[in-house]
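**Q** I'd like to ask some things about the structure below.
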Amino acid sequence: MAILKVARLGHPVLRQVAPPVRSETIREAETQRLIDDMIETMREYEGVGIAAPQVHVSKQIAVIEATDNRRYPDAPDIPLTVLINLEVTPIAPELEDDWEGCLSLIDFRGQTPRYQQVRAKALDRDGRPFEFVATGFHARVLQHERDHLLGKLFIDRMKSLETLSYLAEFSRHWKH
Ligand SMILES: [Zn+2]
92 MAILKVARLG HPVLRQVAPP VRSETIREAE TQRLIDDMIE TMREYEGVGI AAPQVHVSKQ
152 IAVIEATDNR RYPDAPDIPL TVLINLEVTP IAPELEDDWE GCLSLIDFRG QTPRYQQVRA
212 KALDRDGRPF EFVATGFHAR VLQHERDHLL GKLFIDRMKS LETLSYLAEF SRHWKH
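Positions 92 to 267 (this note's numbering) are the ones given, in order, by the sequence shown.
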């Protein structure tokens, strides 16, 4: 396994719409290695998710996980989940603002509106389809990762950039 270089804001790969993965290629060694490396990279940089475009690969693959995360100490646990060709559909129309960060905007946090409850559909790393309903922070992470596959970043979803804060200022002035 390898820790991959993370693309940061300004790299064009973050703004591309990633094509879906063809299901017959999911079990190939190259895809499996990419998934393993994404998991390793997410854990190394203490993300709660990472999408393939963030490691310079324009493909619809994301991984998420949260357990005792130092960057998000209040986050509820999310089991390690590999999401290929992820689709996210809101279940209810209400949006809720909360703080969000991103390994591609490593020093920033901003209040970002997201749907509170969503249905996620994807293929697992063996190519099997699965779906589940997620709420709250889990739903937020899924919408964030789905956005990466569409070339969108959390700053695009903020209603205004007034709360966009450097992490140090966020900790000093906003953290509750
Ligand atoms: Zn991100």
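Glycine included, every Cβ here is placed at the ideal spot set by N, Cα and C.
Measuring only the C-alpha atoms, how far is T172 from L95?
**A** For T172 and L95, the distance between alpha carbons rounds to 19 Å.
**Q** Would you mind listing the beta strand (DSSP E) stretches within the stretch 115–185 that are 3+ residues and don't spill past its ends, in chain order?
**A** 140–142, 152–157, 169–181, all fully within the stretch 115–185.
**Q** Measuring only from the beta carbon, is L177 closer than 8 Å to any heavy atom that is part of ligand 1?
**A** Not so, every heavy atom of ligand 1 lies at least 8 Å from the Cβ.
**Q** Would you grab the beta carbon distance between P167 and H235 for me? Rounded to a whole angstrom, and I think it's under 8 Å.
**A** Going by Cβ atoms, the distance from P167 to H235 rounds to 15 Å, so no, they are not a contact pair.
**Q** Return the residue from the list E156, P103, L100, Y206 that minimises the CA-CA distance to P170.
**A** Considering only alpha carbons, the answer is E156.
**Q** List the DSSP bridge partners of C202.
**A** Checking the sequence shown, residue 202 turns out to be Gln, not Cys. DSSP lists W190 as partners of Q202.
**Q** Would you mind stating whether L194 and G138 have Cβ atoms separated by less than 9 Å?
**A** For L194 and G138, yes; Cβs fall inside 9 Å.
**Q** Check whether the Cβ atoms of I175 and I246 lie closer than 9 Å to each other.
**A** No.
**Q** So what does DSSP say about L241, is it helix, strand or coil?
**A** L241 falls in the coil class under three-state DSSP.
**Q** Report yes if the C-beta of F228 is less than 8 Å from at least one heavy atom of ligand 1; otherwise report no.
**A** No, since every heavy atom of ligand 1 falls outside the 8 Å radius drawn around the Cβ of F228.
**Q** Rounded to a whole number of angstroms, what is the C-alpha to C-alpha distance between G192 and R219?
**A** Each residue's alpha carbon lies about 30 Å from the other.
**Q** Applying the criterion that 16 or more other CB atoms from any shown protein chain within 10 Å of the CB defines a buried residue, is M92 buried or exposed?
**A** The residue is exposed, with fewer than 16 neighbouring Cβ atoms inside 10 Å.
**Q** So, does the stretch 200–207 touch the stretch 138–150, judging by three or more C-beta pairs under 8 Å?
**A** Segments in contact, no.
**Q** Assign T158 to one of two classes, buried (16 or more other C-beta atoms within 10 Å of its C-beta) or exposed (fewer than that).
**A** Its Cβ having fewer than 16 others within 10 Å, T158 is exposed.
**Q** Would you please state the rounded distance, in angstroms, between the beta carbons of V179 and V209? I believe it to be under 8 Å.
**A** Between V209 and V179 the Cβ distance is about 5 Å, and since that is below 8 Å, they are a contact.
**Q** Anyone know if the C-beta pair for Y257 and D189 falls short of 9 Å?
**A** Not closer than 9 Å, so no.
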